[in-house]
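In this note's numbering, the protein residues as written are 68 to 505.
Beta carbons: idealized from backbone N, C-alpha and C, even for Gly.
All values reported here derive from a predicted model rather than from experimental measurement.
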Ligand SMILES: Cc1ncc(COP(=O)(O)O)c(C=O)c1O
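What follows is the structure, given as structure tokens:
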């Protein structure tokens, strides 16, 4: 019997990477592959930075493991970095975990505990959005709006209770409809009215969709008005910035771009830049104090806030800051978009090229006018990814199954013109190869 070595389910890409450096991955058979997606939109400073390796080594020697609630120099350095330079000033409390899914679970627990601590146990619905991804735990799989990632689990996981994700390209009123914002706000209002605001704890949302939709941003003004509606109805706003956080969309957080103040904010991915398995759940004093006063526990994960993870994350954030890498994000993103418009802007199978900063999505369809996608069985994104790899570029597949065939770009903030040219040309050629054969 054939040994399926890695990963758990057999895959067709047949490629083995030996090492990585900067924005490139190197295969075992000696090829160089540009990582146009920073892994899973994770690597913001690029791979193989010596300073981070040294910070990790130093931390392991000093404190290889210490129970998460105890303060250590490595933890303190990260907490200081976060509070001083990154977090919105109203988010003063920090809970650390080992990644985005765990951090989202913690956020939901805080929201529910907070409502209970206020004597409102009936406020226990966590609203999510029709297109969304919040992680791979059972609860996050259930409440996310991502069909493909919960197949075979539907009978077990919680059912999502959702509002519509604003999707200007596919607004039911019409493509880029001028009243799209009001349409989607109306959907939020009606959902709250139908469920009863006294039953809703929070809305968990990605301010800009990650891989579930590939950089779908709502119409101008949507989030600020949505926040007003939520506040008027005593519903918490939880911003999942696992993908958008730490400079990825051209601002420290997407919430800053939209002028909103989430009650709880979640980060992961870029927080450790791929050097640490780390996630953060950040909340207000008001929420933490209320939970504390009620006598509830906020339990840690055994491997949360590992000293070496904290040291890696603090060093990644210091590099981002001192090398002013976040300032590169918008100009680089604009350049990629310009290149994409000129190479595939008129392509009959490209429905939309969209993005903020270095989170970019390209939506592929069978028919540009009707926006009808290719049949799901064709796995167009998978094929494009495969062609990209063969041509020396890793492209990240997005979409939920229902809305599909979205290619995501999210490279390191350190790339230059050579990388931009290469990723756009390979994407163009890979799309052409695949649509020609389908
Ligand atoms: C927006 C968002 N939230 C949560 C997660 C889950 O994070 P993790 O895979 O680190 O558990 C992801 C991962 O892709 C994500 O993009």
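Here residue 190 carries a coil assignment [DSSP, helix/strand/coil]. Set against 8 Å, the gap from the CB of residue 229 to the closest heavy atom of ligand 1 is not smaller.
Taking all protein chains shown into account, residue 461 has 16 or more neighbouring C-beta atoms within 10 Å of its C-beta and is therefore buried. The Cβ-Cβ distance between residue 431 and residue 474 falls below 9 Å. Taking all protein chains in view, the Cβ of residue 290 is crowded by 16 or more other Cβ atoms within 10 Å, so the residue is classified as buried. Checking the 8 Å criterion, the Cβ of residue 200 is within range of a heavy atom belonging to ligand 1. Secondary structure of residue 361 (DSSP, three-state): helix. DSSP, read as helix, strand or coil, puts residue 275 in coil. Shortest gap from the CB of residue 207 to any heavy atom of ligand 1: under 8 Å. Going by DSSP, residue 487 is part of the alpha helix (DSSP H) stretching over 484-504. For residue 248, the uninterrupted alpha helix (DSSP H) segment begins and ends at 247-262.
No Cβ-Cβ contact shorter than 9 Å links residue 428 with residue 112.
For residue 479, the closest alpha carbon among the candidates 258, 249, 394 and 456 is that of 394. With a cut-off of 8 Å on Cβ pairs, the region 330-339 is in contact with the region 299-314, counting three or more such pairs. Pairing residue 265 with residue 187 gives a Cβ-Cβ distance under 9 Å.
Distances from the alpha-carbon of residue 360 to those of 281, 183, 409 and 415 put 183 closest. Ranking 277, 225 and 194 by CA distance to the CA of residue 200 puts 277 first.
For residue 395, the secondary structure class from DSSP, reduced to helix, strand or coil, is helix. Closest in alpha carbon position to residue 412, among 399, 492, 454 and 376, is 492.
The beta carbon of residue 421 sits closer than 6 Å to those of 282 and 428, all from its chain and outside the five residues before and after it, given in chain order. In the structure shown, residue 233 adopts coil according to DSSP, grouped into three states. Distances between the C-beta of residue 485 and the heavy atoms of ligand 1 are all 8 Å or more. DSSP places residue 140 inside the alpha helix (DSSP H), whose first and last residues are 140-148.
For residue 299 against residue 193, the beta-carbon gap comes to about 19 Å, at or over 8 Å, which does not count as contact. Counting C-beta atoms within 10 angstroms of its own C-beta, residue 346 has 16 or more neighbours from the protein chains shown and is therefore classed as buried. In the DSSP assignment, residue 374 falls within the alpha helix (DSSP H) that extends over 374-389. When beta bridges are read from the DSSP output, residue 100 appears opposite 92. Taking the Cβ of residue 111 as the reference point, every heavy atom of ligand 1 lies at 8 Å or farther away. Closest in alpha carbon position to residue 329, among 189, 505 and 294, is 294. Of all alpha-carbon atoms in 404, 434 and 409, the one lying nearest the alpha-carbon of residue 415 is that of 434. Here DSSP, grouped into helix, strand and coil, assigns residue 445 to helix.
Boundaries of the beta strand (DSSP E) around residue 164: 160-164.
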